[in-house]
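Enquirer: Below you'll find the structure I mean.
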Amino acid sequence: MKGRIMTICFLLTGGLLAGCSSTPKVPEGEFLMQGELTNVPDSTVILLLKENGNLLTTIQKDTVINGKFSFQDTISGVTPKKLFLLSNDKGFPGMWLNVWIQSGKYIHITGNDRLLPLWNVSSDIPQQKASNDFMALCSSERKRIMQWTAQEYDLFRLEKEQGLDWKKIDSLRALRNPLDSLVYMAELNYMKKAPVTPVWLDKYQLFCSFLQYNQKFGNQDLIRSLYTRMSEADKQTETGQLITAYLNLPEEVNVGDEMVDGDLYDLDGNVRHLTEFKGKYILLDFWSQGCGPCVQSLPEMEEITEMYKGRMEVISISQDPKDEWKKFIAEKQLKGNQWNELRKGSTKLGASYQVKGIPHYVMISPEGKVQHIWAGYGKGSLKAKMKELIK
Numbered sequence: 001m002k003g004r005i006m007t008i009c010f011l012l013t014g015g016l017l018a019g020c021s022s023t024p025k026v027p028e029g030e031f032l033m034q035g036e037l038t039n040v041p042d043s044t045v046i047l048l049l050k051e052n053g054n055l056l057t058t059i060q061k062d063t064v065i066n067g068k069f070s071f072q073d074t075i076s077g078v079t080p081k082k083l084f085l086l087s088n089d090k091g092f093p094g095m096w097l098n099v100w101i102q103s104g105k106y107i108h109i110t111g112n113d114r115l116l117p118l119w120n121v122s123s124d125i126p127q128q129k130a131s132n133d134f135m136a137l138c139s140s141e142r143k144r145i146m147q148w149t150a151q152e153y154d155l156f157r158l159e160k161e162q163g164l165d166w167k168k169i170d171s172l173r174a175l176r177n178p179l180d181s182l183v184y185m186a187e188l189n190y191m192k193k194a195p196v197t198p199v200w201l202d203k204y205q206l207f208c209s210f211l212q213y214n215q216k217f218g219n220q221d222l223i224r225s226l227y228t229r230m231s232e233a234d235k236q237t238e239t240g241q242l243i244t245a246y247l248n249l250p251e252e253v254n255v256g257d258e259m260v261d262g263d264l265y266d267l268d269g270n271v272r273h274l275t276e277f278k279g280k281y282i283l284l285d286f287w288s289q290g291c292g293p294c295v296q297s298l299p300e301m302e303e304i305t306e307m308y309k310g311r312m313e314v315i316s317i318s319q320d321p322k323d324e325w326k327k328f329i330a331e332k333q334l335k336g337n338q339w340n341e342l343r344k345g346s347t348k349l350g351a352s353y354q355v356k357g358i359p360h361y362v363m364i365s366p367e368g369k370v371q372h373i374w375a376g377y378g379k380g381s382l383k384a385k386m387k388e389l390i391k
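Here's what the structure looks like:
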């Protein structure tokens, strides 16, 4: 996919014989994305991803050669679609750049460092202009945030060889957090007057999700007030419905509370409920195939399922889209209670049980009370926790 388009201009004395255009012609039903980079090493791998429920799926990848990369593919319909650029290479911040595509459109990307989310995207797609307007806010602060984030991700990349330097990671986050808050405030204030576009709605959905992940997040009144800017048509979109759900989350349950139940679906599409196993210990495992620690925990989860068979039921609650979930279960030959809420965002059971990161675990006692809530996985941690909780 390394097509080069060369344009030659001939200048004659006193005038231009032939004009030149730097924008290639793109056929209807296709898009073309070309990048020109400096200070980014050749052999860097650039990924092009699409959103699939709670997952980002790689659809193409290209390698930087002589500072250039490109993506070209077909696209159906006339409505612009959002894709994402990402690189997992050293020195990159592990965050993506939103890029809008449309039938017959050319997208030009430039960057002069590895801070990929700050690369410039040029096109005549309206949604891209709206996205660029957001990115123009607090540009110097964003650059410092990305520099510290890149350092943090490099520390995570060294985990296998050197272990995690949490002191350094925490110090980087302490530097970044005040600037994050400044950028958030600038964006929220801008949203009070900016046109309500698909980009605006995506940004608003993100802020509304913050209310779930941190109920002490500031500016809650401002976030909620922006809902009045949405039209009835906006509220009926998939994004609008998710925004409404985030603004009306169920009450959280805590240790000692009665367990909360809801509709879950097994691999055959049957509606299932937690109360089916009342009288036993119930271990809820909220997970996703896109979560490294979740996948690492699977063998140990199978072990404890067998160890406590008859006394405890493990209910694995995937947050993945239906097709990807079923495919992963089949590939890994996972057994047991493989269930899914089949909804985007943790706005029901996930919100009730305070799922803010995964893997997330909830132990429910035989009496139906929430016994313990915890998150994260390390080798042997599940066995140790079961020994502590199951008497």
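Residue 80 in the UniProt record's numbering sits at position 80 of the sequence shown, with consecutive numbering throughout.
Beta carbons: idealized from backbone N, C-alpha and C, even for Gly.
Computed from a predicted model, the values in this text were never measured in an experiment.
Please determine, among K193, L249, T228, D170, the residue with the shortest C-alpha to C-alpha distance to S209.
Expert: Reading the sequence shown from its first residue, position 209 is the one you call residue 209. Answer by Cα proximity: L249.
Enquirer: Just tell me which of R343, N177, R144, I304 has its CA closest to the CA of D263.
Expert: For the purposes of this step, residue 263 is identified with residue 263 of the sequence shown, where counting begins at 1. With distances taken between Cα atoms, D263 lies closest to R343.
Enquirer: What three-state label does DSSP hand I243 in the structure shown?
Expert: Against the sequence shown, residue 243 aligns to sequence position 243. Three-state result, I243: helix.
Enquirer: Taking the continuous alpha helix (DSSP H) assigned at K387, which residues delimit it?
Expert: Your numbering for residue 387 matches position 387 in the sequence shown. From DSSP, the alpha helix (DSSP H) with K387 extends over 381–389.
Enquirer: Less than 8 Å between C-beta atoms, sequence neighbours within five positions excluded: which residues of the same chain meet that for K143?
Expert: For the purposes of this step, residue 143 is identified with residue 143 of the sequence shown, where counting begins at 1. Taken in chain order, the residues that qualify are L115, L118.
Enquirer: Beta-carbon within less than 7 Å of E187's beta-carbon, same chain only, minus the 5 sequence neighbours each way: which residues are those?
Expert: Residue 187 sits at position 187 when you count from the first residue of the sequence shown. Excluding positions up to five away in sequence, the list reads F134, L137, K203.
Enquirer: W96 to L283, Cα distance in whole Å?
Expert: Against the sequence shown, residue 96 aligns to sequence position 96. Against the sequence shown, residue 283 aligns to sequence position 283. So the alpha carbons of these two residues sit roughly 34 Å apart.
Enquirer: W200 lies in the alpha helix (DSSP H); which residues open and close that run?
Expert: For the purposes of this step, residue 200 is taken as the residue at position 200 of the sequence shown. 198–213 is the extent of the alpha helix (DSSP H) around W200.
Enquirer: Classify K383: buried if its beta carbon has 16 or more other beta carbons within 10 angstroms, exposed otherwise.
Expert: For the purposes of this step, residue 383 is taken as residue 383 along the sequence shown, with counting starting at 1. Per the 10 Å Cβ criterion, exposed.
Enquirer: Please go through the same chain and pick out, in chain order, the residues whose beta-carbon is closer than 6 Å to the beta-carbon of P80, but skip the five residues on each side of it.
Expert: For the purposes of this step, residue 80 is identified with residue 80 of the sequence shown, where counting begins at 1. So the list reads W100, Q102, I125, Q127, once near-sequence residues are dropped.
Enquirer: What are the start and end residues of the alpha helix (DSSP H) that includes A330?
Expert: Reading the sequence shown from its first residue, position 330 is the one you call residue 330. Taken as a continuous stretch (DSSP letters only), the alpha helix (DSSP H) holding A330 covers 322–332.
Enquirer: Does any CB atom of chain C fall closer than 9 Å to the CB of K348?
Expert: Protein chains in the displayed structure number just one, and chain C is not present.
Enquirer: Report buried or exposed for P299, applying the criterion of at least 16 other Cβ atoms within 10 angstroms of its Cβ.
Expert: Translated into positions along the sequence shown, residue 299 becomes position 299. Counting Cβ neighbours within 10 Å, P299 comes out exposed, since fewer than 16 surround it.
Enquirer: Tell me Y265's beta-bridge partners as DSSP assigns them.
Expert: In the sequence shown, the residue the question calls residue 265 occupies position 265. According to DSSP, which records beta bridges pairwise, Y265 is partnered with V271, N340.
Enquirer: Within its chain, find whatever has a CB closer than 8 Å to the CB of P27; leave out the 5 residues flanking it on each side and keep chain order.
Expert: Position 27 of the sequence shown, counted from the start, is the residue given in the question as residue 27. Excluding positions up to five away in sequence, the list reads G104.
Enquirer: Rounded to whole angstroms, what's the CA-CA distance from K391 to I364? Just pull it up for me.
Expert: Reading the sequence shown from its first residue, position 391 is the one you call residue 391. Reading the sequence shown from its first residue, position 364 is the one you call residue 364. Cα-Cα distance, rounded: 13 Å.
Enquirer: On the CB-based measure, 16 or more other CB atoms within 10 Å of its CB, does P178 come out buried or exposed?
Expert: Along the sequence shown, read from residue 1 onward, the residue named residue 178 stands at position 178. That one is exposed.
Enquirer: Would you please state the rounded distance, in angstroms, between the beta carbons of T23 and G67? I believe it to be under 8 Å.
Expert: Counted from its first residue, the sequence shown places residue 23 at position 23. Counted from its first residue, the sequence shown places residue 67 at position 67. Actually they are not in contact, since the Cβ atoms of T23 and G67 sit about 19 Å apart, beyond 8 Å.
Enquirer: Can you give me the start and stop residues for the beta strand (DSSP E) that M230 sits inside?
Expert: To locate residue 230, count along the sequence shown from 1; it is residue 230. Element bounds for M230: n/a, residue is neither H nor E.
Enquirer: Indicate whether the contact test is met: 3 or more Cβ pairs, each with one atom in the stretch 306–313 and one in the stretch 265–284, closer than 8 Å.
Expert: yes
Enquirer: Check for me: the beta strand (DSSP E) holding D62 runs from which residue to which?
Expert: In the sequence shown, the residue the question calls residue 62 occupies position 62. Run containing D62: 55–63, per the beta strand (DSSP E) assignment.
Enquirer: Can you tell me whether DSSP reads G350 as helix, strand or coil?
Expert: As a first step, residue 350 is located in the sequence shown; it is residue number 350 there, counting from the start. Reduced to three states, the DSSP call for G350 is helix.
Enquirer: Counting beta carbon pairs with one atom in the stretch 46–58 and one in the stretch 155–167, are three or more of them shorter than 8 Å?
Expert: no
Enquirer: Name the DSSP beta bridge partners of G111, please?
Expert: Along the sequence shown, one-based indexing puts residue 111 at 111. According to DSSP, which records beta bridges pairwise, G111 is partnered with L37.
Enquirer: For L12, I'd like the list of residues in its chain whose CB is within less than 6 Å of its CB, leaving aside the five on either flank, ordered along the chain.
Expert: In the sequence shown, residue 12 corresponds to position 12, counting from 1. Model confidence at L12 stands at a pLDDT of 33, short of 50, so the residue's coordinates are unreliable; what they give is reported in the following sentence. Excluding positions up to five away in sequence, the list is empty.
Enquirer: If you measure between the beta carbons of T305 and K335, is that distance less than 9 Å?
Expert: In the sequence shown, counting from the first residue as 1, residue 305 sits at position 305. In the sequence shown, counting from the first residue as 1, residue 335 sits at position 335. Yes. Within cutoff.
Enquirer: Could you give the distance in angstroms between the alpha-carbon of G376 and the alpha-carbon of H360?
Expert: Against the sequence shown, residue 376 aligns to sequence position 376. Against the sequence shown, residue 360 aligns to sequence position 360. Straight-line Cα distance between these residues: approximately 6 Å.
Enquirer: Can the beta-carbon of N98 be found less than 9 Å from the beta-carbon of S131?
Expert: For this step, residue 98 is matched to residue 98 along the sequence shown. For this step, residue 131 is matched to residue 131 along the sequence shown. Yes; because the gap between Cβ atoms is below 9 Å, this pair is in contact.
Enquirer: Per DSSP, what kind of secondary structure is I101 in: helix, strand or coil?
Expert: Reading the sequence shown from its first residue, position 101 is the one you call residue 101. If DSSP states are grouped into helix, strand and coil, I101 belongs with the strands.
Enquirer: I need the DSSP call for L86, collapsed to helix, strand or coil.
Expert: Taking the sequence shown and counting its residues from 1, one reaches residue 86 at position 86. Strand, per DSSP.
Enquirer: May I ask you to report which of helix, strand or coil DSSP gives I358?
Expert: Within the sequence shown, the letter at position 358 stands for residue 358. Looking at I358 - three-state DSSP - the assignment turns out to be coil, as it is neither helix nor strand.
Enquirer: Look at the alpha carbon of K356 and the alpha carbon of Q212, and state the distance between them as a whole number of angstroms.
Expert: Translated into the one-based positions of the sequence shown, residue 356 becomes position 356. Translated into the one-based positions of the sequence shown, residue 212 becomes position 212. Roughly 7 Å separates the two Cα atoms.
Enquirer: Just to confirm, are H108 and E30 a CB contact at a threshold of 9 Å?
Expert: As a working mapping, residue 108 is identified with position 108 in the sequence shown. As a working mapping, residue 30 is identified with position 30 in the sequence shown. No.
Enquirer: In terms of residues, what are the limits of the alpha helix (DSSP H) holding A194?
Expert: Here residue 194 is taken as the residue at index 194 of the sequence shown, counted from 1. Where A194 is concerned, there is no enclosing alpha helix (DSSP H), given that its DSSP letter is neither H nor E.
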